Every structure is written in C-alpha cells, then in structure tokens.
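Below is one structure, written out as structure tokens; the observations come after it.
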Amino acid sequence: MQYAFTTEQREFRAVLRRFFGQTSPPSAVRRLMETEAGWDAAHWRDLNTQLGLCGVHVPEAYGGMGFGLVELGIVLEEMGRALVCAPFFSSAVLATNAILNGADEAQKQALLPELVAGDKVAALAFTEPDGQWDLSRVATTAQQVGGAYRLTGVKSFVVDGHTADLLIVLARSPGSVGQSGLSLFAVRGDAGGLTRTPLQTLDPTRKLARIEFAGVEAELLGAPEQAAGPFAKTLAQAAAMLANEMVGGAERLRESALDYANLRVQFGRPVSSFQAMKHKQAEMLVDVELAKSAAYQAAQAAADDQADLPALASLAKASASEAYLQTAIHTIQIHGGVGFTWENDTHLWFKRAKSSEVLLGDSTWHREQMMRTWADYRSEG
Amino acid sequence: MTTPTEATVRAEIRDWLAANWDPNLSLVEWRGRLVNSGWGAPGWPSDLYGRGLEPALAAVVDEEMRRAGAVGVARSGARNLAIQTLLAHGSDAQKRAFLPPTLTGQYSWCQLFSEPGSGSDLAGAATRADLKNGRWIVNGQKVWTTSAHHADWGLLLARTDWDVPKHAGLSFFLIDMRQPGVEVRPLRQMNGYASFNEVFLTDADVAPEHLIGELGAGWAVANTTLMHERSHGDPSAAKATDSGGRKGRAYDEEREEIAIATEPYGWYPQRAGRVDLVLERARETGKINDPVVRQEIAKLLILERSAKWTALRARAGLAAGEGLGPAGSLGKLVGSHVARAAARVHTLISGADAMLAGAEAPRDGIIAEVLLSVPAVSIAGGTDEIQRNIIAERILRMPKDPGIDTNRPFRDVPKNPAQATR
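Residue numbers (the numbering used here), protein chains in the order written: chain A, -4 to 376; chain B, 11 to 432.
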C-alpha cells in the first residue's frame, strides 16, 4: 500500500475480519481476560493452523508466508478491532522481529520455525522497572562465564512474559553505558534462576510480567555488543505495528458509538439526530481516519525498510495514542451511564487504548523522537 | 468528414495556429478567433463554439496550444462559474449572447449568492426580484462578492415567490452590474485586506430574458454553480500562459487579466497556516530547542502530514474504484484544524514578536498575516459546523435535524432582525 491496499490485501483483511468476528467476540475476550495466562491454546492453534498468522511477515526460508509488514499491519489492525487475546504482538511482532533483525542465520533457522508455527511463543524482555523505553537505560548485565553468558537484573512490563516459552532479552556488558555494550540473548522460559511474576494490569486484555534474572544462562543472539542498531529497528517496527493495532480498535469504538447513538432515543428523537452528537461523531471520524493514514504510512515505511521508518513510526504511534484514547473517551460519553458499566463492552477497548497509549512510549515521548529524526525526514511536499 | 484522430487533430491545430496565432493581436481579437474557429473549447459541441472532440483529443489541442505558447480563452474564476452554469441551464439564446464575450474575456463576472442574513443557510436568501411591467426589479443586499467592482455581469440568486417553502421560491438571473441600481462597496476584513465586496441592489433592473432556468428553479441552478466553485481549486494559483515574460500584446493583456483576478487572494496561503515556515522559523528563533515548543511543532506536523496522506488515500481509493470514501469529505474540516494549530505554533515560536505587524514583524509581516487570516479558513466555503453536519449526515448517515424552515411558506419562517423588517 502506498495510499491504497491491493485487491489481495483487501481480501486478506476480509478473511481476518470474518475469522476474528467468529473466534474473538466480546464474550471470548471477557473469558480470556479473566484468566492469568490471558489466552488459550485452542484459539492460538486455530489462528496458526488455519491462517498461519505468526509467519505472515517471516521469509519462507524460516517457514513463514513471506509477505511484509503491510500485511502484518493488516493482521494487527484486525486484531485490535476484535481485541484478540493472544500472544501475537509479543511473539510474532516483538520477539520474532528482534530475532529477524538481530540473530545470525543459524539462530534464525533454529528459533523461527517453531515461533512461526505457533508451537512456541516468545516474549521480548527489554524495559526495566523504571519504565523507560530508551534502550540506553537498560541495566541488566550479561556476564561471560567461561563460554556461556549469565544474565542478572530485572525486566518489567514484559508483554506476555509470564507465559512465554522463550524470552528474548536485551542486556549489556558489565561497565558499558549508553547504546554501546548492548547484546541480545535468548533465554528458555523454564531456565534456572528465572522468577516470573504476572503484574496486575489496568488492561486485562494485555498481560504484563516482571522477570527477575539471577545469573540466568542465556544464548547470545548475533554478534556481541552490536544489538543497539537492530534493536532500535525492532522497536520502530513494533511502534508502527502497534499503531495499526490501535487504529483497528479506535475504528471499532467509533462504529459502536455511532450504532448506539442511532439506536438510543431521548426527547422523542434518536440521539444521533442532535447536532452535538453529529459534530462529535464527525470529529471522531477525523481523528480515526488521520490516525489510520499515519499508521498505514508507518507500515509501508517498515515494509520498505525506509530510512525514515523511526520518524514515521513515532509519528504514527503518537497519532494513534491520542486518537485511540480520545475515541474511547467519546465512546463512553456517547453511551452515557451505560458506557460506564462493566456489562457494556466499551471499557474493554478503553482499557486497551490506555495500555497502548503508554506501551512502547507515550505520545510525548514519540513526538520528541520524531522531532529528533525530522531533519532527515524526506518531505513529500 | 472523417473521424478525427490524434494525428489529424494535431496536424489541424498546428496548421491553424501557424496561420492565426499572433502574440501581437489584442487579447480579445485573438480569443475571438479561438471562439469562432472552435479551437478555444474543442470539447464543446461544434455548433456551440467547440469542435465536438472527445476529452483525449481536446487534450491534444491544449498540448499544442501550450507548445505554441498561445493564450487560451478566459475560463478561470467566476467566468468559469458563469460558463458552467450557462452550459448546464442556459437557453440557446442565452448561451449565444453570453458565452462568446465571456470566453474572449470581454465580460467579467461575479457571484451574488451570500447575503448578510443568509450565509450557511444560502437558500434563505431574501433579496427579492419582483416582476413589474415586464421587467424584474431587484432589491436587497449581497455580500462576500469577489471582484464585484470589476464585474460586468452577476450571477444572481433572488426570491421570486414568498408563499412557497424556501428552496422553491428562488430564481436565478444574470444581472447587469453596470447600472445605477447596483452599488458595490469594498468590504474590509479583519486582516486589513478588502478582497470582497458588499453589493447593494436598489430597484436594479433585470431583463426577462435573463432568467436562467425555470422561474422558481433557482436553487437547482445555484447548486450547479456551487459544485463548480467547490471543485475549481485555489483561485490564488491562477497562472499566466507564459510566466517567463514573453513579449506581445496578448501576453501583456493576459498578465493584466490574471493580476486583477488573483489580486484579492494574496493572503490565501497565510490563512491555511503556512506550516511550511514552521521549522525554519523555529530554527531562526532558537525555539527549536524548547521542549514545549518542539511538542507543539510535532503535533502540528503530525496533523498536517496525516491530513495530506488522508487526502492521498481518498484519491487512491477513487482511482481504485472504491469511491471517495469517508476520507474524501474530511479535507475542508481538517484544513481548519491544521490552520488553527499552525497559528498557535507560529505564536509560540514568535513570542513577543507575535505582537508586531508589518515590515518590522517576523518575515515582513507574513506571520502576523497568518495570525490574522486563519480565522477565515473555518468560515469561508462552508463553516466547520456545516462541514461536520455534512460529514455526519452524508458520510455517517446520521439523521437530519428536524427542520422548521422547509415545510412552510418562506414568508412565515423566522428570520434575522434586519430581514424581518423588509
């Protein structure tokens, strides 16, 4: 897609919308969000055996479908729309891209096929308890003991970190600072010295964990102390993909608000006939459509590996953060009292909007990131 | 006669230009040749100043005209609105009377639609036309009339029947602007420019043959005009045939014509916010290093970029046969958001200098002009409020407000105080 999706991409989207419409109705979201794991194996298997979604963007050499990040963006937009509860963003987006960007060929051959098949799930352990998304803030250390690496430190806000079979971890050489000395590691989920604690989250549809590493054995991925570049790219891709997930949720909310306003009658008229309601809906359409445009541009930049991917990903993430939350706030308001009840589904998306607003950096942070790279940004006039 | 092909059309227009185009002719004389030969509007029917060519072949004529540097017929701005309205609704006699002198540029036009009492509610026009002794006598006031002081003729929307609902009582006329009953006064705007006029009509005279379309069908005719007004783009962007300064009387006269036509629009780029100046200004003032200002600049750039991409998505969707989609109707409203955000950011960047205007002010007063012109963008050409109604009703299919003005005689509809006394 530059500005329009191809016929094949539109058909792909239609298939996904049907599939998630059937497999992830709000009742399923409510059931899974109440579990500690946050997802179930049967649904995950269907998603992978029927559609092969974990490999959409992975080259065929590793068992994937060989499409790109535009197609992955479509998957995320549809998942965000249906609020799919599955370790997809953690495993297929964050961890898989970290491996694709940072591991060597033999490691990719060894790790990716199982992730692509969905037989194993991985999580990306990056942020630490200070909640910073800047990789220079990583403090977890990797000590080389003999031929092996041992990790010590604490990671937090790890998406699906408590259920992953494999952890991809960013850590630094002892004594290094900033962006130097950073290396990428793979750690088995059942490794000794690992303590994984699920966090109580505001958004029950996105599970987070705190992971303590007490001298945990780890496999170095790629070259030592060279992770900063590939990891920054992984984060930019992730921000672009998250923006696509977010606009899917925002559009769903916008539509549900419109449906409700058309249905609800007060003062003898559908409330949608009141100008206050119409003007709010018009602005909601503006917010969502603009955020969609930005998310699609970022996905395209990621797919083409453009030099301005970091700026565009930050632009899209900042835009989606504002638009999703604003749309969620309007949607509750339009539902009135019922919108504040547990029974009404709006709060499920509201909570996802809130967690997505902050995950990978809030809009203020991304706007600053965008400004830092704007000088290199190609103006399209 | 054989069917024209690209080759025959190209050969024919080249021969004709070689024999007829002379930059030293007066503009009117040259355009007269274009009109009489049909080469000025080659896509029009051959019995109506054209040559009946399909669009692809008409484009070949345009291409050859440009190649020869030949000036075209007058078809921009209000002239185009008059031409399109006449083509769609004019009688044969009206087309023959008005199209040739319009195409040659002899007649210039203005549009007399908006009134002090009916802006967004255009169909609430209260200027009246009464038939007396076989002539239409017009009384009322129009406003926001571009170039009325240059115009020979006006496109007039006036009420001819007060006892039917508002849309049904309007008629459309061509009115001679050069008569004692028409008084044009410049309307000074808050940014100091006077790009528009007020037009006072006091017992102004309209010949019966200058009614366009049926009596009472003026609203449909006016909608044709409005449709073309919305689609013709930015009037400040009009360009001469040759901006390189070629010599010749026809070129000189065309440059003069364009200068008159674009003169009211010098501030239009400023009313859109001049986002293009933001980063340069932030660098030259050092505000680029202020984290608060950086946030606001980023918000503006995100908005402006996303707006452009959204417009491109709409266009691509249209080309792919998906229709314009919701994205296509958002542009006007989003443009207001961008302009307002830009004015805010320019103020942040300029600091105390934002209090200045004129030659001593930032960018020779251009920034001040931005600050004083942006309020127009959310009003002109359909207010933000009307745009939101359009988006809600046409795109989101939300129900219309229950109207109280369309189901009774216009005479009984509540009006503004000034109109009610009439």
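A virtual CB, placed ideally from N, CA and C, is assigned to each residue, including glycine.
Just so we're clear, the structure is a prediction, and the values are computed from it rather than from any experiment.
Sequence-distant residues of its chain with Cβ nearer than 8 Å to residue i (five each side left out)
i         : result
Gly170(A) : Gly176
Glu16(B)  : Ala66, Leu67, Val70
Pro21(A)  : Leu78, Asp340, Leu343
Lys176(B) : Ala133, Gly134, Asp415, Thr416, Phe420, Val423
Residue i and residue j closer than 8 Å at C-beta
i         : j         : result
Val283(A) : Thr322(A) : yes
Ala217(B) : Leu180(B) : no
Ala290(A) : Val353(A) : no
Cys49(A)  : Ala98(A)  : no
Ala297(A) : Gln221(A) : no
Leu64(A)  : Leu237(A) : no
Ala84(B)  : Glu267(B) : yes
Ala135(B) : Ala168(B) : yes
Ala107(A) : Val53(A)  : Ala is not the amino acid found at residue 107(A); the sequence shown has Leu there. Yes, Cβ-Cβ distance for Leu107(A) and Val53(A) is below 8 Å.
Asp415(B) : Ser268(A) : no
Leu211(B) : Val148(B) : yes
Gln17(A)  : Gln295(A) : no
Leu71(A)  : Ala117(A) : no
Leu63(B)  : Gly50(B)  : no
Lys273(A) : Leu320(A) : no
Leu197(B) : Leu91(B)  : no
Any chain A beta carbon closer than 8 Å to residue i
i         : result
Asp300(B) : no
Arg354(B) : no
Ala282(B) : no
Pro424(B) : no
Ala84(B)  : no
Arg315(B) : yes
Thr393(B) : no
Met187(B) : no
Arg432(B) : Low confidence applies to Arg432(B): its pLDDT is 46, below 50, so where it sits in the model is not reliable, and the reading given next is rough at best. Not an interface residue.
Closer than 8 Å to chain B by CB, residue i
i          : result
Gln270(A)  : yes
Thr136(A)  : no
Ser288(A)  : yes
Arg191(A)  : no
Arg12(A)   : no
Tyr(-2)(A) : yes
Leu326(A)  : The question names Leu, yet the displayed sequence has Thr at residue 326(A). So no, Thr326(A) is outside the interface.
Leu355(A)  : no
Pro108(A)  : no
Arg373(A)  : Confidence at Arg373(A) is low in this model, with a pLDDT of 38, below 50, so its placement is unreliable and the value that follows should be read with caution. It does not; no Cβ of chain B falls within 8 Å.
Leu203(A)  : no
Met365(A)  : yes
Ala313(A)  : yes
Val281(A)  : yes
Ser267(A)  : yes
Thr359(A)  : yes
Lys115(A)  : no
His274(A)  : yes
Glu212(A)  : no
Backbone secondary structure at residue i - three-state DSSP
i         : result
Lys257(B) : coil
Phe262(A) : coil
Ile414(B) : coil
Glu29(A)  : coil
Glu125(B) : strand
Ser251(A) : helix
Gly228(B) : helix
Phe108(B) : helix
Tyr372(A) : Confidence at Tyr372(A) is low in this model, with a pLDDT of 42, below 50, so its placement is unreliable and no value can be given for it.
Ile389(B) : coil
Ala117(A) : strand
Cβ-based neighbour list, residue i, same chain, cut-off 7 Å, excluding 5 preceding and 5 following
i         : result
Val24(A)  : Leu78, Cys80, Thr200, Leu343
Glu73(A)  : Arg8, Leu11, Arg12, Phe15, Gly243
Met75(B)  : Gly82
Gly115(B) : Leu37, Val38, Arg41, Ala84, Glu267
Close Cβ partners of residue i (< 6 Å) along its chain, the five nearest in sequence each way excluded
i         : result
Glu55(A)  : Gly61
Lys312(A) : Ala234, Ala238, His361
Ser19(A)  : Ala77, Val79
Ala256(A) : Val266, Ser267, Met272, Ile329
Would the segment 209 to 224 of chain A count as touching the segment 24 to 40 of chain A if we require 3 or more Cβ pairs under 8 Å? no
Taking contact to mean at least 3 C-beta pairs separated by less than 8 Å, is the segment 278 to 294 of chain B in contact with the segment 343 to 359 of chain B? yes
At least 3 beta-carbon pairs within less than 8 Å: the segment 372 to 380 of chain B vs the segment 297 to 306 of chain B: no
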